[in-house]
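*Asks:* One structure, as structure tokens, below. Some questions next.
Chains as they are written, first to last, in our numbering: chain A, 1063 to 1313; chain B, 1063 to 1313.
Following this line, the structure appears as structure tokens:
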């Protein structure tokens, strides 16, 4: 299978870079083809501007301008190249250090620029269906926090809660299956032995990349939401947490 | 009082820009002093690199290098300038269009670059205390979604849930009081009348900027968390949602 490995860390000697190299080696050993987008190494510019859409004139409506650019193929070449890589992939691995409880800006802006209207949204289908349906996405996060504090009822929130905009709002929105994210905690205090163990945990997740059960987010058209896109009262009754949207969440 | 108005939209004729101008006018009419960081207009670079810390050598550990750079004052001048603006402010207004359920990359990278170790984290205090304690933060978001769908049990999650990394993980983490965010929904279909009404809603929130009750997130040291930073069983018992961390949430 084809994997697009997206990663973002400024330091080639970082734990993130180490896990990337080990992970890609493990994925290839499993027989997969891996394409890389190492955003810092590429000098990726994460800022959406009118220059992404060379035919655009007048007031910039990002959705409309990007839709038009996608349709005509007249879009910034580096954006087009990433779209092609994404469309070829069967799975996306997204790997980053958690900065302010989200991806570094360089990675956020990969989604901002690449997932234009007509590809990421505005296709008439979303949340469980869309242009990227059939693909899977695994998130691999290093964080300074201890594991206990980044769990349900931990002070930082669980990683699945923290990454809701990515897992539900991006992967699942565009049709991809969101896998349970992999957390490598205490990343600032990690020694060679812990790094080795983290690489093993990553390798074992890669071994089940195409077989494990994704998060069971409720599809938009599966009957759980009403016409206002609010959960019917009988679905996860009384639950106002994000967990209400996950049919597999413990409650 | 002093307000730092942080905003991110590539189009000067956008609804975001309109609300920024109207909001700043309203804040000044209330007697406040407003400083602007209009990130697109400034050409802000959101990417953390080693160049932010000119004295850094060898392997880049972002936390250590940024801590050192803050202590010596040898830090990229544009980062220093934003830190000074932030430290002078009594309140931060953060205004953006919701892209992939988060801030545009250019804005995410303002926090990544400006909130270095020693200012944003690593001060020995966090979650209700820290270097930015005493300041307030109001978030103003335009979104294409309808309001019903961006509410508790709405398919997108409530704005407070979606923005958890910003409200709790950034504002509250650094000591700031996080105010209930202001949502301007259906932003792609808005006409002049709706834009006027949105500006009025913004003006009315600005009128209470320094008096309204912030979100009641639980402080790290207030006795609600145990030594592993997990909520004690008797606090919001059985609640595994992010709402458990907000003493004022309905449940």
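For each residue, glycine too, the CB sits at the ideal point set by N, CA and C.
Given the structure is predicted, the values throughout are model-derived calculations rather than measurements.
Are the region 1179-1199 of chain B and the region 1281-1291 of chain B touching, with three or more C-beta to C-beta distances below 8 Å?
*Replies:* Touching, yes, given that three or more Cβ pairs across the two stretches are closer than 8 Å.
*Asks:* Let me check understanding here. Comparing Cα to Cα, which of B:1200, B:1265 and B:1293 lies closest to residue 1242 of chain B?
*Replies:* Closest by alpha carbon: B:1200.
*Asks:* Quick one: which residues of the region 1169-1182 of chain A get their C-beta closer than 9 Å to a C-beta of chain B? List them in chain order.
*Replies:* Answer in chain order: 1169, 1170, 1171, 1172, 1173, 1174, 1175, 1177 and 1182.
*Asks:* So is residue 1266 of chain B buried or exposed if we call it buried at 16+ other beta carbons inside 10 Å?
*Replies:* Result: exposed.
*Asks:* Taking only beta-carbon atoms, is residue 1097 of chain A less than 8 Å away from chain B?
*Replies:* Not an interface residue.
*Asks:* Buried or exposed: which applies to residue 1295 of chain A, given that a residue is buried once 16 or more other Cβ atoms fall within 10 Å of its Cβ?
*Replies:* Per the 10 Å Cβ criterion, exposed.
*Asks:* Comparing the C-beta of residue 1156 of chain B with each C-beta of chain A, is any distance below 8 Å?
*Replies:* By this cut-off, residue 1156 of chain B is not an interface position.
*Asks:* Report yes or no: is there a C-beta of chain B within less than 8 Å of the C-beta of residue 1211 of chain A?
*Replies:* Taking Cβ atoms only, chain B reaches closer than 8 Å to residue 1211 of chain A, which makes this a yes.
*Asks:* Which whole-angstrom value describes the C-beta separation of residue 1236 of chain A and residue 1177 of chain A, a residue pair presumed to lie in contact below a C-beta threshold of 8 Å?
*Replies:* Right, their Cβ atoms sit about 6 Å apart.
*Asks:* Applying a beta-carbon distance threshold of less than 9 Å, which residues of chain A neighbour residue 1233 of chain B?
*Replies:* Correct list: empty, because the minimum Cβ distance to chain A is about 10 Å.
*Asks:* Confirm, please, whether the CB-CB distance from residue 1204 of chain A to residue 1078 of chain A is below 8 Å.
*Replies:* Against a cut-off of 8 Å, the Cβ pair of residue 1204 of chain A and residue 1078 of chain A comes out as a contact.
*Asks:* Could you pull out every unbroken alpha helix (DSSP H) segment of at least 4 residues lying fully inside the region 1216-1260 of chain B, listed in chain order?
*Replies:* Listed in chain order, the complete alpha helix (DSSP H) runs (minimum 4 residues) inside the region 1216-1260 of chain B are 1221-1224.
*Asks:* Measure the C-alpha to C-alpha separation of residue 1150 of chain A and residue 1244 of chain A and round it to an integer number of angstroms.
*Replies:* Their backbone Cα atoms lie some 24 Å apart in a straight line.
*Asks:* Return the chain-ordered list of same chain residues with a C-beta closer than 7 Å to the C-beta of residue 1185 of chain A, the five sequence neighbours on each side being excluded.
*Replies:* Around residue 1185 of chain A: 1192 and 1193.
*Asks:* Quick one: residues in its chain with C-beta nearer than 8 Å to the C-beta of residue 1117 of chain A, no 5 flanking neighbours on either side, listed in chain order?
*Replies:* 1130, 1131, 1134 and 1136.
*Asks:* Whose C-beta lies closer than 7 Å to the C-beta of residue 1274 of chain A among residues of the same chain, with five residues either side of it excluded?
*Replies:* Same-chain partners within the cutoff: 1241.
*Asks:* Report the residue from B:1104, B:1304, B:1109 and B:1126 whose alpha carbon sits nearest the alpha carbon of residue 1220 of chain A.
*Replies:* Here the closest residue by C-alpha is B:1304.
*Asks:* Please return the same chain residues whose Cβ sits closer than 8 Å to the Cβ of residue 1081 of chain B, not counting the five positions on each side in sequence.
*Replies:* Same-chain partners within the cutoff: 1157, 1202, 1204, 1246, 1257, 1260, 1261 and 1264.
*Asks:* Check distances from the C-beta atoms of the region 1111-1135 of chain B to those of chain A and list, in chain order, the residues that come in under 8 Å.
*Replies:* Result list: 1111, 1112, 1121, 1122, 1123, 1124 and 1125.
*Asks:* Does residue 1193 of chain A get closer than 8 Å to chain B when you measure Cβ to Cβ?
*Replies:* Closer than 8 Å: no.
*Asks:* Between the region 1222-1247 of chain B and chain A, which residues of the former have CB atoms less than 7 Å from a CB of the latter, in chain order?
*Replies:* Listed in sequence order: 1223, 1224, 1226, 1227, 1231 and 1232.
*Asks:* Three or more C-beta pairs closer than 8 Å, one from the region 1162-1173 of chain B and one from the region 1082-1090 of chain B: is that the case here?
*Replies:* No: the two stretches stay apart, fewer than three of their Cβ pairs being nearer than 8 Å.
*Asks:* What runs of the beta strand (DSSP E), each 3 residues or longer, lie entirely inside the region 1101-1182 of chain A?
*Replies:* Within the region 1101-1182 of chain A, the complete beta strand (DSSP E) runs of at least 3 residues are 1153-1159.
*Asks:* Classify residue 1084 of chain A as helix, strand or coil using the three-state DSSP reduction.
*Replies:* DSSP places residue 1084 of chain A in helix when its eight states are reduced to three.
*Asks:* On the CB-based measure, 16 or more other CB atoms within 10 Å of its CB, does residue 1144 of chain B come out buried or exposed?
*Replies:* The residue is buried, with at least 16 neighbouring Cβ atoms inside 10 Å.
*Asks:* DSSP three-state call for residue 1266 of chain A: helix, strand or coil?
*Replies:* The answer is helix: DSSP assigns residue 1266 of chain A an H, G or I state.
*Asks:* Going along the chain, which residues of its own chain have a beta-carbon closer than 6 Å to the beta-carbon of residue 1217 of chain B, five neighbours each way excluded?
*Replies:* Correct list, in chain order: 1211.
*Asks:* Could you please give the first and the last residue of the uninterrupted beta strand (DSSP E) stretch that includes residue 1199 of chain A?
*Replies:* It spans 1198-1204 - the beta strand (DSSP E) in which residue 1199 of chain A sits, taken as one unbroken run.
*Asks:* Tell me whether residue 1227 of chain B is buried or exposed, calling it buried when 16 or more other Cβ atoms sit within 10 Å of its Cβ.
*Replies:* Label assigned to residue 1227 of chain B: buried.
*Asks:* Could you work out which residues of chain B lie near residue 1073 of chain A, taking near to mean beta carbons separated by less than 7 Å?
*Replies:* Neighbours of residue 1073 of chain A on chain B, chain order: 1121 and 1122.
*Asks:* Less than 8 Å between the CB atoms is what I'm expecting for residue 1163 of chain B and residue 1180 of chain A, so what's the real figure, rounded?
*Replies:* Contact doesn't hold; Cβ gap of about 19 Å is too wide.
*Asks:* With DSSP collapsed to three states, give me the class of residue 1305 of chain B.
*Replies:* If DSSP states are grouped into helix, strand and coil, residue 1305 of chain B belongs with the helices.
*Asks:* Given that a residue counts as buried once 16 or more other Cβ atoms are within 10 Å of its Cβ, and exposed if not, what is residue 1113 of chain B?
*Replies:* It counts as exposed.
*Asks:* Let me make sure I understand the geometry here. Which of B:1124, B:1064 and B:1234 has the alpha-carbon closest to that of residue 1146 of chain B?
*Replies:* Out of B:1124, B:1064 and B:1234, B:1064 has the C-alpha closest to the C-alpha of residue 1146 of chain B.
*Asks:* Give the straight-line distance between the Cα atoms of residue 1083 of chain A and residue 1068 of chain A, rounded to the nearest whole angstrom.
*Replies:* One C-alpha to the other measures close to 12 Å.
*Asks:* Interface residues of chain B around residue 1077 of chain A at Cβ under 9 Å?
*Replies:* Those do not exist, as residue 1077 of chain A stays about 10 Å from chain B at its closest Cβ, beyond 9 Å.
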